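These protein sequence lines are chains A and B, in that order. Per our numbering, residue -8 is the first one in the first sequence, and the count goes up by one each step. Per our numbering, residue 587 is the first one in the second sequence, and the count goes up by one each step. No residue lacks a Cβ here, since even glycine has one placed at the ideal position from N, Cα and C. On a predicted model such as this, the values are computed, not experimentally measured, just so you know.
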Amino acid sequence: AQSVTQLGSHVSVSEGALVLLRCNYSSSVPPYLFWYVQYPNQGLQLLLKYTTGATLVKGINGFEAEFKKSETSFHLTKPSAHMSDAAEYFCAVSAGGTSYGKLTFGQGTILTVHP
Amino acid sequence: AAGVIQSPRHLIKEKRETATLKCYPIPRHDTVYWYQQGPGQDPQFLISFYEKMQSDKGSIPDRFSAQQFSDYHSELNMSSLELGDSALYFCASRIEGGGGAGDTQYFGPGTRLTVL
Chain A
-8 AQSVTQLGSH VSVSEGALVL LRCNYSSSVP PYLFWYVQYP NQGLQLLLKY TTGATLVKGI
52 NGFEAEFKKS ETSFHLTKPS AHMSDAAEYF CAVSAGGTSY GKLTFGQGTI LTVHP
Chain B
587 AAGVIQSPRH LIKEKRETAT LKCYPIPRHD TVYWYQQGPG QDPQFLISFY EKMQSDKGSI
647 PDRFSAQQFS DYHSELNMSS LELGDSALYF CASRIEGGGG AGDTQYFGPG TRLTVL
């Protein structure tokens, strides 16, 4: 079984400030980890993913995330927030085996960026 | 680039009616997933198909059924609709690219179902 916990349902930052969205996972097999962004009334767009290899993953729009197995974490960061980053962010985990490819999502974090 | 197409985008139904949601995956994608996102909730996996065969099943009510057709499009059929079925229904598609469960799922814009 696999699960994802996102710490903080709402995060508010100032424009230009660091963005840190926290994600911890639980998985009985080596996980594949994803961050998706959802703008109002839109679908989910992939920001980045970790499968194997380098633990620091860079994605679109200046976001990056680091896979830390010892901490079972995959936190999302961006050095400088932009107004256009305001959206809801979902961390998700996928595993192989009988649940091949299905995504289990965290509860989501709404990011607010204020001027 | 082509994206996942879902139709209709919005659907309003009465209780106990039926609804059919359609999903057209990205060309050459062989796997389709359906997710349900209730108001203020995270998306929940319903069901998936690989090469027209059901590959996995989640918390899908017995009132719902789905299939993938020869052209790889998929339909989610929902009967005896209940108020609690009101949600955003996403379809996602993926191509088996050798990355296994790490292959990216591409999401459509969703169908917003409102049951009155």
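Neighbour-count burial assignment, residue i, 16 or more Cβ in a 10 Å radius
i	result
LEU669 of chain B	exposed
MET664 of chain B	buried
ARG649 of chain B	exposed
GLY44 of chain A	exposed
LYS60 of chain A	exposed
ARG680 of chain B	buried
THR700 of chain B	exposed
SER75 of chain A	exposed
PRO611 of chain B	buried
ALA(-8) of chain A	exposed
LYS69 of chain A	buried
ALA652 of chain B	buried
PHE655 of chain B	exposed
GLN627 of chain B	exposed
GLN33 of chain A	exposed
LEU35 of chain A	buried
GLY92 of chain A	buried
SER634 of chain B	buried
ALA694 of chain B	Here residue 694 of chain B is Gly; the residue named in the question, Ala, does not match the sequence. Label assigned to GLY694 of chain B: buried.
Cβ-Cβ distance between residue i and residue j below 8 Å
i	j	result
GLN(-3) of chain A	GLY97 of chain A	yes
LEU11 of chain A	LEU102 of chain A	no
ASP657 of chain B	TYR636 of chain B	no
LEU667 of chain B	ARG602 of chain B	yes
GLY7 of chain A	ALA72 of chain A	yes
LEU116 of chain A	TYR80 of chain A	Shown here, chain A extends from -8 to 106; a query on residue 116 of chain A therefore has no answer.
ALA83 of chain A	VAL20 of chain A	no
GLU661 of chain B	LYS599 of chain B	no
THR697 of chain B	LEU597 of chain B	yes
ALA678 of chain B	TYR619 of chain B	yes
VAL(-5) of chain A	TYR16 of chain A	yes
Chain-ordered neighbours of residue i on chain B, where CB pairs are closer than 7 Å
i	result
GLN96 of chain A	Reading the sequence as shown, one finds Phe at residue 96 of chain A and not Gln. Under the 7 Å cutoff, chain B gives ASP628 and PRO629.
GLN33 of chain A	PRO695
GLY99 of chain A	ASP628
Beta-carbon neighbours of residue i, restricted to chain A and to distances below 9 Å
i	result
PHE676 of chain B	GLY34 and LEU35
ARG680 of chain B	GLY92
Distance, residue j Cα to residue i Cα
i	j	result
GLU55 of chain A	TYR27 of chain A	12 Å
PHE676 of chain B	VAL104 of chain A	27 Å
GLN691 of chain B	PHE25 of chain A	10 Å
LYS643 of chain B	PRO106 of chain A	44 Å
GLY99 of chain A	ALA78 of chain A	10 Å
TYR41 of chain A	SER64 of chain A	11 Å
LYS638 of chain B	GLU682 of chain B	13 Å
GLN640 of chain B	PRO629 of chain B	19 Å
LEU39 of chain A	GLY50 of chain A	5 Å
GLN592 of chain B	ASN52 of chain A	26 Å
THR46 of chain A	ALA605 of chain B	43 Å
LEU37 of chain A	ASP689 of chain B	11 Å
Under 8 Å from the C-beta of residue i: neighbouring residues of chain A
i	result
TYR619 of chain B	GLY92, LYS93 and LEU94
Residue i CB to nearest heavy atom of the ligand FAD below 7 Å
i	result
LEU24 of chain A	By its list of ligands, the structure shown contains no ligand whatsoever, and the ligand FAD lies outside what it can speak to.
CB contact check: residue i to chain C, cutoff 8 Å
i	result
ILE591 of chain B	The question asks about chain C, but that chain is absent: this structure's protein chains are A and B.
Name, going along the chain, the residues of the stretch 635 to 651 of chain B whose beta-carbon falls closer than 7 Å to a beta-carbon of chain A. Those residues of the stretch 635 to 651 of chain B that come within reach of chain A (Cβ to Cβ, closer than 7 Å) are SER641, ASP642 and GLY644.
What residues in the stretch 591 to 609 of chain B have a beta carbon less than 9 Å from any beta carbon of chain A? From the stretch 591 to 609 of chain B, only GLN592 have a Cβ closer than 9 Å to chain A.
Interfacial residues, the stretch 44 to 69 of chain A to chain B, with Cβ spacing under 8 Å: Flagged: no residues at all.
Taking only beta carbons into account, state which residues of the stretch -3 to 22 of chain A come closer than 8 Å to chain B, listed in chain order. Answer in chain order: no residues at all.
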